[in-house]
Every structure is written in structure tokens, then in C-alpha cells.
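**Student:** Here it is: the structure, laid out below.
Protein chains: 2
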Amino acid sequence: MTGPRYTPLAQSLPATVPFVGPETQERQRGAAFKARLGANESVFGPSPRAIEAMQQAAGEIWMYGDPENHDLRNALADHHGVAPENIVVGEGIDGLLGYLVRLLVEPGDTVVTSDGAYPTFNYHVSGFGGVLHKVPYSGDHEDPAALFAKAAEVGAKLVYLANPDNPMGSWHPGADILAAMGTLPDGCLLVLDEAYVECAPEGTAAPIAVDDPRVIRMRTFSKVYGMAGARVGYAMGAPELISAFNKVRNHFGMNRAAQAGALAALKDDLWLEQVQAQIKHARERIGQIVREHGLEPLPSATNFVAIDCGQDGAFARVVLDSLVEQGIFVRMPFAPPQNRCIRVSCGNDADLDAFAAALPKALASAQG
Amino acid sequence: MTGPRYTPLAQSLPATVPFVGPETQERQRGAAFKARLGANESVFGPSPRAIEAMQQAAGEIWMYGDPENHDLRNALADHHGVAPENIVVGEGIDGLLGYLVRLLVEPGDTVVTSDGAYPTFNYHVSGFGGVLHKVPYSGDHEDPAALFAKAAEVGAKLVYLANPDNPMGSWHPGADILAAMGTLPDGCLLVLDEAYVECAPEGTAAPIAVDDPRVIRMRTFSKVYGMAGARVGYAMGAPELISAFNKVRNHFGMNRAAQAGALAALKDDLWLEQVQAQIKHARERIGQIVREHGLEPLPSATNFVAIDCGQDGAFARVVLDSLVEQGIFVRMPFAPPQNRCIRVSCGNDADLDAFAAALPKALASAQG
Chain S
1 MTGPRYTPLA
11 QSLPATVPFV
21 GPETQERQRG
31 AAFKARLGAN
41 ESVFGPSPRA
51 IEAMQQAAGE
61 IWMYGDPENH
71 DLRNALADHH
81 GVAPENIVVG
91 EGIDGLLGYL
101 VRLLVEPGDT
111 VVTSDGAYPT
121 FNYHVSGFGG
131 VLHKVPYSGD
141 HEDPAALFAK
151 AAEVGAKLVY
161 LANPDNPMGS
171 WHPGADILAA
181 MGTLPDGCLL
191 VLDEAYVECA
201 PEGTAAPIAV
211 DDPRVIRMRT
221 FSKVYGMAGA
231 RVGYAMGAPE
241 LISAFNKVRN
251 HFGMNRAAQA
261 GALAALKDDL
271 WLEQVQAQIK
281 HARERIGQIV
291 REHGLEPLPS
301 ATNFVAIDCG
311 QDGAFARVVL
321 DSLVEQGIFV
331 RMPFAPPQNR
341 CIRVSCGNDA
351 DLDAFAAALP
361 KALASAQG
Chain E
1 MTGPRYTPLA
11 QSLPATVPFV
21 GPETQERQRG
31 AAFKARLGAN
41 ESVFGPSPRA
51 IEAMQQAAGE
61 IWMYGDPENH
71 DLRNALADHH
81 GVAPENIVVG
91 EGIDGLLGYL
101 VRLLVEPGDT
111 VVTSDGAYPT
121 FNYHVSGFGG
131 VLHKVPYSGD
141 HEDPAALFAK
151 AAEVGAKLVY
161 LANPDNPMGS
171 WHPGADILAA
181 MGTLPDGCLL
191 VLDEAYVECA
201 PEGTAAPIAV
211 DDPRVIRMRT
221 FSKVYGMAGA
231 RVGYAMGAPE
241 LISAFNKVRN
251 HFGMNRAAQA
261 GALAALKDDL
271 WLEQVQAQIK
281 HARERIGQIV
291 REHGLEPLPS
301 ATNFVAIDCG
311 QDGAFARVVL
321 DSLVEQGIFV
331 RMPFAPPQNR
341 CIRVSCGNDA
351 DLDAFAAALP
361 KALASAQG
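Just so you know, the protein sequences line up as chains S and E, in that order.
Here the UniProt record's numbering is used: position 72 in the first sequence is 72, and no number is missing along the way.
Here the UniProt record's numbering is used: position 173 in the second sequence is 173, and no number is missing along the way.
Next up, the structure:
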């Protein structure tokens, strides 16, 4: 009696998780975190209108969500001045990246990303048998020219670029991205991950025509909109590409309350502005805290700050481990030389007080 | 300037949806349905405790859900007397079927199901390039012996069987399924979809050891637990197979409020019993209504009743279209001879009053 016959690809894959969740770490520690600043969630929460919409929808949760996401897609289309046919809604950017990779990548196909960029994208590429090529950051910025040159060199079907970048918080003016696309090789699709664009300076969103077949843009309600746990992301692109998602997506995959919450969140501009201000304030405060200890905060267009600990990855790892041990959930970049940093999400005053209180001991551990 | 280079498989797939949602039909009609009885949702709703848990979690939705689904998996393990390693939680059975097919099926691999059985399973099989072989129902029951014989004949990697069955509502005693598995060919995995088992007679759940490597069982909070819009399903099976899902699943794909709601729902036995009684009552009432018009309700172990309209598929289609036109959302089986029936989900008294009021005109349309 033998077990199931997995595909050769499935047999070759490790059972893995792109990120260990904070709950897992809490169970391992045997204690809850004092400050949850590691996953770039928005501690400032979603719009009260979104909360109310989700609470109301809880009583109607016996109904499946609309598989067309009609109302949300139309509202997003209005919001961006595009057509509903330019927008597909999915289970977070993570879910949409999985569908996109599935549409384009089969075993042996090549894909390009930056060394140390979003691991969940890499997870999906490997999961469909794609071959990843990585280019280094330029300084602490992703390097569009190098990414597109590598894509040309290896004949990549997909190239991934986050603007603003995670985990470094750096960004390019959107016009520079568009200009760099002049060297994007024919037949290579740019996945432009703009998860953090709502807290970036004016002009960071790339001024790309939504029907441009060379690019697909990913957006989310998980970051500035404060709804990470709801799993609502969307992609914008040319109608042909957008409709291709209907070949593979889980049509009834969206949570009905999350659909309602996102729709309400999108309409609350005032809350968005308030969160943008809170993020700005928190970035400044994180900068002050770490400067007092001789560390350098990197400029950030996101809801987190990468902090240069001034030495190598091993040093930063000790700082991070001590912070975690003291109840401060934070993370750090994966690849050198960016892993000289730790990454701290914007928190409220109590969160950042806790971080400030824990930092001296963490630095002493690393220095001692 | 060319567009994205899709895989040959993706190019070959149609943009499709396994089911057209009721919201789409409402938009087409320009009016809301009076009774929503087409998707086997539970109009009786979820446990008030589940609603309360989801409402409370709405304020915490800024946090990603636990990617391990630790608390829910452990509660489910306790509930079923198995280990957490026997359980994987996912975005509804639909999501889990997609992951399962991806793990086992590559282009050209064979899969067996019944002609007229769950189309979303077929959608996933086709979506990964699998070749579907279908066997007819035996009477209005799925036919385990014929399914397993066909699986042996074509060397299937997967065979799908729903018990109780959708769309017919028929069922086999679980012991008969286990006995039939003696002819399940070596290396063929049985996907036993038990979505409706909580409203089936005692003994319908198959008495299969959870570590049996020949089978994976699918369960859901979408039916009797009344949480279709939350997207919470789970699969039970041998630990090796269950852990394989960690190679491909969207680890951060679960809605945090849905996790909390399912956990609360699982603990409310009293609510479950109440819904089971409401389902029983509604099945009886549907039977009375249709008998009054000379139609035959089929025996049901589910939260819906298949109604034999006494003639062919074209006749039943006219009945169905008229009901829909009159504001009663119902569906019907896809394949003959089961498509002589329409399928009506259990409703509350007002829903069934509306159905009873619309039925005479629908029958007159078909007869005229």
C-alpha cells in the first residue's frame, strides 16, 4: 500500500514557510510580545468605518462572497480612474503573486528579483519550478537597470521590483521606474509591488498607463489601510492579463466581510490621512530613538524603518534576538550587506516606548 | 512590444468560473433575490458565539492571521480525536482542493470523478492539466465501485467522491465506503469530500483511520456551521500528506477573524444541534411543498433537497429559470439524468413560503 504519487516538482520542494509568524514565536517563548513591530502591520488599525462594515457583515457570513468582487473592483476603478477590467481582487498580494506565477512560470522558466527582496514571491516561483536569478541592491535601493539587464541576459518571463522597497524602505520616483522600463526586455513582465505606496512621497507611484502590457502593479489593504488579517489585495494591469487570473484563481476565495471592509476603508480618506501622519510621526520617533544610541535610521517611504546597526549581519542578528527575547517582535533583512540592519515597523507610542526601553540591552548584548 | 509569455497550459485554459454567483444574477436581473436557496449556504447562520468572535476580531484585523492556524488545528484535533499533524486548515474546501491537485497532478495525469459531481474540483484538475475521466451515477448515488474500477483502468492519481453527495443529497453508510476502498488501486488517493456530513445520519462519516495513506477527507465551516463567506475548510489525513500542503499553500492566506469565528463555532454544540434540527424541518417542508405539486423530493443527507421534476433536463431547466425569474435563487444538477432535478437549499419559513408561492407558475411555464 503506497501513498499518494506527488508530482516530481512537489517531491522536490521543501515544506517551508516564507516567514515564521509572531504567534509561533510567542508559543516558543511562552509569552506574548509587548510590541508587534515585525510584520509591517499597521498598529493604527483600519478605518472605524471598515471595522463597522466587517462587524455588520459578520451576521451575513453565511453567504459566500461575490466571486466577481464587483462592488470593490468598481470602487477601486473609480478610485484609480481606470476600468474594472483593469483590476483583479485576490487573497492579499501573496495570493495574487501565486496566481501570476502560475500563469507564467513552468519548470525551468527564469525569473529575476533582488537578493534579499520579498521571500514570498520567491516561494511561489520555486513552487512552480521557476529558476530565480538575483541581483544585488545598489546601495540600499533595488536597482531597476540591473534587474532589467539580468532579465534580458537570462530571458526572464517575470521580474519583481518593489517600490517602495521592503525590507529597506527605500524608493525611486515613479518616473524613474517608467524611464528604466525602456530597457525591460520584450516579453518580460514587470511585477511592480506597490504595497507601501500610500505612505510614500508624492510621485512614487509609477506614472504607467494601466493598459501597458509590460507591467502588473500590486496593491493591498494590508499596510496603510490596516487590514492585513482580512487578506485583500488587488492587481492592476492590461485587461488581457487581468482576465487571465480568471483561469486559475479561487473564484469563491474572498471573505465576504473582508470585501465589505475594504470597500468601506477605500472611502475613508480622512482615516487614511490620519494614518499617514501617524506613520510619519512614528518613523521620526524611531529615528530619534536609534540615533540616541549611535545607530543610523535609513530614509523610509514605508510604514517601517530599516536601522543600520553599523556592523555586520551577525551583529544585527544578536541585536534582533535580544529585542525578540525582551518581547519586541521585529525582523531583519535576509541578505548581506542589507542584513547589517534590523527592520522596525511603525508603532504607537507605547510600542515605541517598549522598543526604546529594550534597545540598550540589545546593543549591549551585541557589543559584549 | 509583446505581452506576457503565459505557460502553454495557461494559454490552453478558458477564463471561466465554476459557478455564476447569485450577486451576478441579481445584477443581470436588476433585482435582489427574495430567497437565496441556490448555493447550499446555511440561511440559519453561524453560531452567535462565532459572530461575536468575528466582530471582536474585526478590531484586530490589522494583524495577519496565525499562518500555522495553531489554535484552530488543535481544537479540530481534539474535536476529532486525532493529532494536529493530521489537519491542515485552508481557504475553504475549494482552496484545499486546489492545493491538493497541485501537489499530485501535472499535465496528462489522470483523475476520476462522477459525471455531474463538484465542478470546482474539475476546475482545479483542468487548471493543472489533469485529464478527467467521469463515471455515471448509479441511480442517484455516486458509485464507489465504478469510480475505483475506472481509477484502476486509467491509472488515476486522484479519485473524487462526495459523501453525502452534492448535487443529489444521496449518501452511503461510511462503512460501505471503507469496504469499497478494498478495490481502490494502489497509489490512487481518494478525496473524500464530507462537506455535508454534519447533517447526515449517524454512521455516514467513514470509519477510516486518519493515518490511512489512501484517503484525504475534506470538511468545512461553510455548510452546517453557516460560515460560507468566511472561507474556512480543513482536510484530515496522514501526516506526510498533510505536511505536503506546507510546500504550496498560501501560508498567510487565512482571514484572522475567520480563524476566530471557526474556533468559536466549533465549541457551540448547542447551535449545531439547533441547525441540524432546522435543516431536518426544512427538508421535510420542501418535500411537502413539492409533493403537493406532484414532484418527488429525493432523500437527502444534506442541507438541500434535489427535486425530481419528472421529465428531462430541458423541462427542469424551464422550471429553474422561472423560479430564478420570480426571485428564487436555486440551481440544478449539470449532467443527465440527474438534471431532471432542481436543487433547493434549506431555507427558513419565509424563504420556503416564497419558493412555494413561485413553484406553481414555474411548473405551469414548463408544462405550457
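We put the CB at the ideal spot given by N, CA and C, even for glycine.
Using a 10 Å radius around the Cβ and a threshold of 16 neighbouring Cβ atoms, would you call S/Thr16 buried or exposed?
**Tutor:** Taking the first residue of the first sequence as position 1, residue 16 of chain S is located at position 16. Result: exposed.
**Student:** Just the Cα atoms here: how many angstroms apart are E/Gly155 and S/Thr2?
**Tutor:** By one-based count along the second sequence, residue 155 of chain E stands at place 155. By one-based count along the first sequence, residue 2 of chain S stands at place 2. Answer to the nearest angstrom: the Cα atoms are 14 Å apart.
**Student:** If you count every other CB in all the chains shown that lies within 10 Å of the CB of E/Leu270, and 16 or more means buried, which is it?
**Tutor:** Locating residue 270 of chain E in the second sequence gives position 270, where the first residue counts as 1. So E/Leu270 counts as exposed.
**Student:** Scan the stretch 23-74 of chain E and note each continuous alpha helix (DSSP H) run of 4 residues or more that stays entirely inside, going in chain order.
**Tutor:** DSSP runs (the alpha helix (DSSP H)) wholly in the stretch 23-74 of chain E: 48-58.
**Student:** Say whether chain S places a C-beta atom closer than 9 Å to the C-beta of E/Tyr234.
**Tutor:** For the purposes of this step, residue 234 of chain E is taken as the residue at position 234 of the second sequence. For E/Tyr234, the answer is no, since every Cβ of chain S falls outside 9 Å of its Cβ.
**Student:** Please report how far the alpha carbon of S/Ala354 lies from the alpha carbon of S/Val324, in whole angstroms.
**Tutor:** Counted from its first residue, the first sequence places residue 354 of chain S at position 354. Counted from its first residue, the first sequence places residue 324 of chain S at position 324. In a straight line, the C-alpha of S/Ala354 is about 11 Å away from that of S/Val324.
**Student:** If we ignore side chains and look at the alpha-carbon of each, how far apart do E/Lys134 and S/Glu153 end up?
**Tutor:** As a working note, residue 134 of chain E is residue 134 in the second sequence. As a working note, residue 153 of chain S is residue 153 in the first sequence. When rounded, the distance between both Cα atoms is 46 Å.
**Student:** Does the stretch 345-359 of chain E come close enough to the stretch 165-183 of chain E to have 3 or more Cβ pairs within less than 8 Å?
**Tutor:** Output reads no: the stretch 165-183 of chain E does not touch the stretch 345-359 of chain E.
**Student:** Rounded to a whole number of angstroms, what is the C-alpha to C-alpha distance between S/Lys157 and S/Gly187?
**Tutor:** On the first sequence, position 157 is the one that residue 157 of chain S refers to. On the first sequence, position 187 is the one that residue 187 of chain S refers to. Those two C-alpha atoms are separated by around 7 Å.
**Student:** Tell me where the beta strand (DSSP E) around E/Thr120 begins and ends.
**Tutor:** By one-based count along the second sequence, residue 120 of chain E stands at place 120. Note, E/Thr120: premise wrong, no beta strand (DSSP E); alpha helix (DSSP H) at 119-127.
**Student:** In this structure, how does DSSP classify S/Ser300 when only helix, strand and coil are distinguished?
**Tutor:** The count along the first sequence starts at 1 and reaches residue 300 of chain S at position 300. Three-state result, S/Ser300: coil.
**Student:** Sort S/Met168, S/Asn74, S/Asp212 by Cα distance to S/Pro297 and report the nearest one.
**Tutor:** Along the first sequence, one-based indexing puts residue 297 of chain S at 297. Comparing Cα positions, the closest option is S/Met168.
**Student:** Rounding to the nearest angstrom, what Cα-Cα distance links E/Gln367 and S/Glu85 in this structure?
**Tutor:** As a working note, residue 367 of chain E is residue 367 in the second sequence. As a working note, residue 85 of chain S is residue 85 in the first sequence. Cα to Cα, the separation comes out at about 41 Å.
**Student:** Taking the alpha-carbon positions, what's the S/Tyr64 to E/Glu26 distance?
**Tutor:** For the purposes of this step, residue 64 of chain S is identified with residue 64 of the first sequence, where counting begins at 1. For the purposes of this step, residue 26 of chain E is identified with residue 26 of the second sequence, where counting begins at 1. Whole-angstrom Cα-Cα distance: 14 Å.
**Student:** Using the Cα positions of E/Arg231 and S/Ile61, report the straight-line distance between them to the nearest angstrom.
**Tutor:** Residue numbering aside, residue 231 of chain E sits at position 231 when the second sequence is read from its first letter. Residue numbering aside, residue 61 of chain S sits at position 61 when the first sequence is read from its first letter. Their backbone Cα atoms lie some 9 Å apart in a straight line.
**Student:** Which residue comes first and which comes last in the beta strand (DSSP E) that contains S/Gln160?
**Tutor:** In the first sequence, counting from the first residue as 1, residue 160 of chain S sits at position 160. As written in the sequence, residue 160 of chain S is Tyr, which differs from the Gln given in the question. From DSSP, the beta strand (DSSP E) with S/Tyr160 extends over 158-162.
**Student:** Which same chain residues, not among the five before or five after E/Glu112, have their C-beta less than 6 Å away from its C-beta?
**Tutor:** Looking up residue 112 of chain E in the second sequence gives position 112. Per the sequence presented here, residue 112 of chain E reads as Val, with Glu not at that position. Cβ neighbours of E/Val112 beyond the five flanking positions: His133, Leu147, Lys150, Ala151, Ala156, Val159.
**Student:** Which residues of chain S have a Cβ atom closer than 9 Å to the Cβ of E/His281, listed in chain order?
**Tutor:** Along the second sequence, read from residue 1 onward, the residue named residue 281 of chain E stands at position 281. Near E/His281 there are no residues of chain S at all, since even the closest Cβ is about 17 Å away, more than 9 Å.
**Student:** Nearest by alpha-carbon distance to E/Phe329: which of E/Ala31, E/Ala117, E/Arg36, E/Pro4 is it?
**Tutor:** Here residue 329 of chain E is taken as the residue at index 329 of the second sequence, counted from 1. Comparing Cα positions, the closest option is E/Arg36.
**Student:** Terminal residues of the continuous beta strand (DSSP E) containing E/Ile87?
**Tutor:** To locate residue 87 of chain E, count along the second sequence from 1; it is residue 87. Taken as a continuous stretch (DSSP letters only), the beta strand (DSSP E) holding E/Ile87 covers 87-90.
**Student:** Is the beta carbon of E/Tyr196 sitting closer than 9 Å to the one on E/Val215?
**Tutor:** By 1-based counting over the second sequence, the position of residue 196 of chain E is 196. By 1-based counting over the second sequence, the position of residue 215 of chain E is 215. No, they are not a contact pair.
**Student:** Just list the alpha helix (DSSP H) runs in the stretch 258-296 of chain S, keeping only unbroken ones of 4 residues or longer that don't cross its boundaries, in chain order.
**Tutor:** Entirely contained in the stretch 258-296 of chain S, the alpha helix (DSSP H) runs reaching 4 residues are, in chain order, 269-291.
**Student:** Considering only residues of the stretch 153-236 of chain E, which uninterrupted beta strand (DSSP E) runs meet the minimum length of 3 residues and lie entirely inside it, listed in chain order?
**Tutor:** With a minimum length of 3 residues, the continuous beta strand (DSSP E) runs that stay inside the stretch 153-236 of chain E are 158-162, 189-193, 215-220, 233-236.
**Student:** Compute the Euclidean distance between the alpha carbons of S/Gly92 and S/Gln274, then round it to the nearest angstrom.
**Tutor:** Working through the first sequence from its first residue, we reach residue 92 of chain S at position 92. Working through the first sequence from its first residue, we reach residue 274 of chain S at position 274. Their Cα atoms are separated by approximately 23 Å.
**Student:** Please state whether DSSP places S/Phe252 in a helix, a strand or coil.
**Tutor:** For the purposes of this step, residue 252 of chain S is identified with residue 252 of the first sequence, where counting begins at 1. Of the three classes helix, strand and coil, the one that applies to S/Phe252 here is coil, per DSSP.
**Student:** Contact criterion: CB-CB distance below 9 Å. Does E/Ile328 meet it with respect to chain S?
**Tutor:** Counting from one through the second sequence, the residue named residue 328 of chain E turns up at place 328. No, no contact with chain S.
**Student:** Quick check on DSSP: helix, strand or coil for S/Arg331?
**Tutor:** In the first sequence, residue 331 of chain S corresponds to position 331, counting from 1. Looking at S/Arg331 - three-state DSSP - the assignment turns out to be strand.
**Student:** So does the stretch 237-257 of chain S actually touch the stretch 315-324 of chain S, counting three or more Cβ pairs closer than 8 Å?
**Tutor:** Touching, no.
**Student:** At the level of alpha carbons, what is the spacing between E/Glu284 and E/Arg291?
**Tutor:** Position 284 of the second sequence, counted from the start, is the residue given in the question as residue 284 of chain E. Position 291 of the second sequence, counted from the start, is the residue given in the question as residue 291 of chain E. About 11 Å.
**Student:** With DSSP run on the structure shown, which of helix, strand or coil describes E/Leu132?
**Tutor:** Mapped onto the second sequence, residue 132 of chain E falls at position 132. Note: E/Leu132 maps to strand in three-state DSSP.
**Student:** Within the continuous beta strand (DSSP E) that includes E/Ser345, where are the two ends?
**Tutor:** For this step, residue 345 of chain E is matched to residue 345 along the second sequence. Segment 341-345, the beta strand (DSSP E) holding E/Ser345.
**Student:** Name, in chain order, the residues that DSSP records as bridge partners for E/His79.
**Tutor:** What you label residue 79 of chain E is simply residue 79 of the second sequence in a count that begins at 1. None, per the DSSP bridge assignment.
**Student:** Residues of the stretch 114-132 of chain E with a CB closer than 7 Å to any CB of chain S: list them in chain order, please.
**Tutor:** Answer set for the stretch 114-132 of chain E: Gly127.
**Student:** Name the residue from E/Val344, E/Asn339, E/Gly327 whose alpha carbon lies nearest to the alpha carbon of E/Ala358.
**Tutor:** Numbered from its first residue, the second sequence carries residue 358 of chain E at position 358. Cα-wise, what sits closest to E/Ala358 is E/Gly327.
**Student:** Is it buried or exposed for E/His79, if we count other Cβ within 10 angstroms and need 16 for buried?
**Tutor:** By one-based count along the second sequence, residue 79 of chain E stands at place 79. It counts as exposed.
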